[in-house]
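Single-structure report; data block below.
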Amino acid sequence: MAGLVRAGFSFAKNAIFSTSVRSIATSNPLNLKEIRERTEGSSIVIEAFNVPSPRTELLVRAEKLPNHEPMVSPSEKPPCYMCALGLDVKHTDVLILSQFVRSDGCMLPRRITGLCRRQQKKMSKLVTMAQKAGLMINLTPEKCNKDPKKRRDHKKFNTYFDEKTIFMRKIPKPVDRFKR
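Heads up, the sequence shown is in my numbering, so the first residue is 51 and it goes up one at a time.
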């Protein structure tokens, strides 16, 4: 009975709070406040007003996505937000990559991130590259050889990747699906 209630609750929650449109941010807003002081009679009134951040144009919001042409058939899905934005994400963009990683260091599944297969694979490779470069934490069990600090010889040092070799050719483009 508890399983049925739990399944019904999760279905209702997913129906109400759909994760089909997600916003990612390249930087945090400043949330600045301007403090104004004025005198009214014998009392001093101090007010705080929100000031728009000068970095608001750096935020990437789902509302800013460009409108695409209508889909050919209703069975086609709209492109994921990473494909629609066309951002060139590298392994050094740790703030963007950390949005796709759980607190234990594992990658979030596709149903939660809302990415297409190609972008999900690319993000997982970039997270791995960032962990090997020492830019992101690599949470592993105590006696695991995946932790770079516990490896031997040259493998214990951070890996540095060349900017030209970051995009992997092994990730097929959606249009090249049957051209192999």
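Think of the CB as a built atom: it goes at the ideal place given N, C-alpha and C, for glycine as much as any other residue.
Just so you know, these numbers come straight off a predicted model, no measurement behind them.
(request) Identify whether A134 lies in helix, strand or coil by the three-state DSSP scheme. (result) DSSP places A134 in helix when its eight states are reduced to three.
(message) Less than 9 Å between the beta carbons of R160 and R167, yes or no?
(response) Between R160 and R167, the CB-CB gap stays under 9 Å.
(request) Could you please give me the residues that DSSP links to E107 through a beta bridge? (result) Bridge partners of E107: none, in fact.
(request) Take the Cβ of H204 as the centre, count every other Cβ of all protein chains shown within 10 Å, and call the residue buried at 16 or more, exposed below. (result) Exposed.
(request) Report yes if the C-beta of T142 is less than 8 Å from at least one heavy atom of the ligand MG; otherwise report no. (result) No copy of the ligand MG occurs in the structure displayed, which carries no ligand at all.
(message) Tell me the DSSP secondary structure of H118 in three-state form.
(response) Model confidence at H118 stands at a pLDDT of 47, short of 50, so the residue's coordinates are unreliable; what they give is reported in the following sentence. Reduced to three states, the DSSP call for H118 is coil.
(request) Ignore the nearest five residues each way along the sequence and tell me which others in A180's own chain have a CB closer than 7 Å to its CB. (result) If we look at A180 and ignore the five residues flanking it on each side, its Cβ neighbours are H141, V144, L147 and M186.
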